[in-house]
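These notes concern the structure reproduced below.
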Amino acid sequence: MHVVGFDVAKDSLVGARIDRSGQVKERLELHNTRATIVPVLTELRLRYKHLVVASEATGDYHRMLALTCLELGIPFRLLNPLTVKRYIRTSIRKRKTDKTDAEAIAHVAAQGEGTVLTVASLTNSKPILRTSVSLTEMSQSLELMQQRLAPLLEHDTELLQALSNCQQQLGKATVQFREVASAKCDQQLIALLRSIPGIGERTAPAILIELGDIARFTGPRQVIGYAGLDPRVMQSGSTLNRYGHITKRGAPHLRRALYMSATIAKRHDPVCRALYEKKRAEGKRYKEAILVVARKLLRIIYAVWMSGEPYEVRY
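Residue numbers are given in the working numbering: position 123 of the sequence shown equals residue 123, and the series is strictly consecutive.
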């Protein structure tokens, strides 16, 4: 198998191809445009039967590369930048350039890390939903700004009104983006997830869009790992075996939606409430206990989604 890792920027791609032994056999530099990417990948596809292309998640900059790979039938792996960063830290030379980053990406992908993208995972529903989240954060910042400036500008009503108008426009845009993202989801799946206490009108589309096709996971453990909710294991000899913080190697927007859902589920679902109270009684802090509930919630989501049956609250 040959793996090509690309360090992606807005206007350029720097690549490194490694063979099955891990040796760098070729380096590539090209513009991040379809006209440049297509002939290069087409040639690589003809030369190597078993070819994989990978890059870090870079907002929308990797989108053209990923779409072109899928069109040409080349598997594309999207890596969490944290995973690549940890790999670079463990290297002996610890150099960081575009060329060494591309090589590191290729090595990490060769180890099976990352998410194999599909056409469905590259729809515009995810950026639309994430834009609504960004708009919400901007609106919250404006609200704090208004609170801070209100005593200082009590006589400058026009300035305060300008801030208020901005916040209103942001609110309208947020609702619009959120509604469009929700409309692109499978409404039956949304209804199915909303049968689970804690998952509501906003979090159900977020979970659906961020998870994508849940059938690609072999079980709930893989889903938990994808969300970055799996704990880091720390072990020393045979006497110490305990869990540390969560890995955070997965999708941050998915973690955020699950965390919000877990805070509600622990109040309204008896199973989640009992689990939360148990962890608190064991001495866990609030956030740690909520993360345990979030993992439980993700297991419930997996079971409900795969079975197609709504969740039944157990009293």
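We put the CB at the ideal spot given by N, CA and C, even for glycine.
Assuming the contact rule is C-beta atoms closer than 8 Å, residue i and residue j should be a hit. Round their C-beta distance to whole Å, please.
i           : j           : result
residue 203 : residue 260 : 6 Å
residue 181 : residue 128 : 5 Å
residue 64  : residue 86  : Incorrect: roughly 27 Å between the Cβ atoms, too far for contact.
residue 257 : residue 215 : Their Cβ separation, rounded to whole angstroms, is 20 Å, which puts residue 257 and residue 215 out of contact at 8 Å.
residue 208 : residue 224 : Wrong, their Cβ atoms sit about 17 Å apart, outside the cutoff.
residue 117 : residue 51  : Rounded, the Cβ-Cβ distance is 15 Å, inconsistent with contact.
residue 123 : residue 77  : So it is not a contact: roughly 18 Å between Cβ atoms.
residue 106 : residue 162 : Going by Cβ atoms, the distance from residue 106 to residue 162 rounds to 50 Å, so no, they are not a contact pair.
residue 164 : residue 146 : 7 Å
residue 13  : residue 32  : 5 Å
residue 113 : residue 79  : 6 Å
For residue i, which residues does DSSP report across the bridge?
i          : result
residue 16 : 5 and 27
CB-CB under 6 Å to residue i, same chain, minus the five flanking residues each way: which ones, in chain order?
i           : result
residue 198 : 261, 264 and 265
residue 131 : 177
residue 81  : 56
residue 292 : 279
residue 160 : 153
residue 20  : 1
residue 53  : 4, 69, 74 and 76
residue 48  : 2
residue 62  : 8 and 55
Would you tell me roughly how many angstroms separate the C-alpha atoms of residue i and residue j, rounded to the nearest one?
i           : j           : result
residue 305 : residue 193 : 7 Å
residue 83  : residue 108 : 8 Å
residue 18  : residue 2   : 6 Å
residue 185 : residue 254 : 15 Å
residue 58  : residue 9   : 8 Å
residue 101 : residue 169 : 41 Å
residue 148 : residue 136 : 19 Å
residue 171 : residue 277 : 36 Å
residue 7   : residue 220 : 31 Å
residue 11  : residue 99  : 16 Å
residue 294 : residue 42  : 43 Å
residue 60  : residue 144 : 30 Å
residue 309 : residue 274 : 23 Å
residue 288 : residue 311 : 25 Å
residue 313 : residue 195 : 9 Å
residue 151 : residue 285 : 37 Å
residue 296 : residue 281 : 17 Å
residue 270 : residue 307 : 21 Å
residue 242 : residue 22  : Because residue 242 sits at a pLDDT of 49, beneath the cut-off of 50, its placement in the model cannot be relied upon, and the following sentence gives the value as read from the coordinates. Rounded to the nearest angstrom, the two C-alpha atoms are 33 Å apart.
Skipping 5 residues on each side, what residues in its chain have a beta carbon closer than 8 Å to that of residue i?
i           : result
residue 40  : 28 and 30
residue 96  : 88
residue 104 : 5, 84, 87, 88 and 91
residue 236 : The predicted model places residue 236 with a pLDDT of 48, which falls under 50 and marks its position as unreliable; any figure quoted below should be read in that light. None.
residue 226 : 115, 211, 217, 250, 251 and 254
residue 38  : 68 and 72
residue 120 : 212 and 213
residue 272 : 197, 198, 262, 265, 266, 293, 296 and 297
Under 7 Å Cβ to Cβ from residue i, same chain only, skipping five residues before and after it: list those, please.
i           : result
residue 166 : 142
residue 268 : 197 and 198
residue 298 : 220, 223, 224, 227, 229 and 258
residue 302 : 214, 220 and 223
residue 283 : none
Discussion item. Quick check on the DSSP output: what are the complete beta strand (DSSP E) runs of length 3 or more inside the segment 47-83, in order along the chain?
Written reply: As far as the segment 47-83 is concerned, its whole beta strand (DSSP E) runs of at least 3 residues are 51-56 and 76-79.
Practice prompt. Could you tell me which uninterrupted beta strand (DSSP E) segments, each at least 3 residues in length, are contained entirely in the segment 92-165, listed from first to last along the chain?
Written response: Listed in chain order, the beta strand (DSSP E) runs fully inside the segment 92-165 amount to none, counting runs of at least 3 residues.
Worksheet item: In chain order, which alpha helix (DSSP H) runs of at least 4 residues are fully inside the segment 271-311?
Response: Counting whole runs of 4 or more residues, the segment 271-311 contains the alpha helix (DSSP H) stretches 286-307.
Worksheet entry | Contained alpha helix (DSSP H) runs [length at least 4] in the segment 175-232, N- to C-terminal order | 187-193, 203-211 and 220-227, all fully within the segment 175-232.
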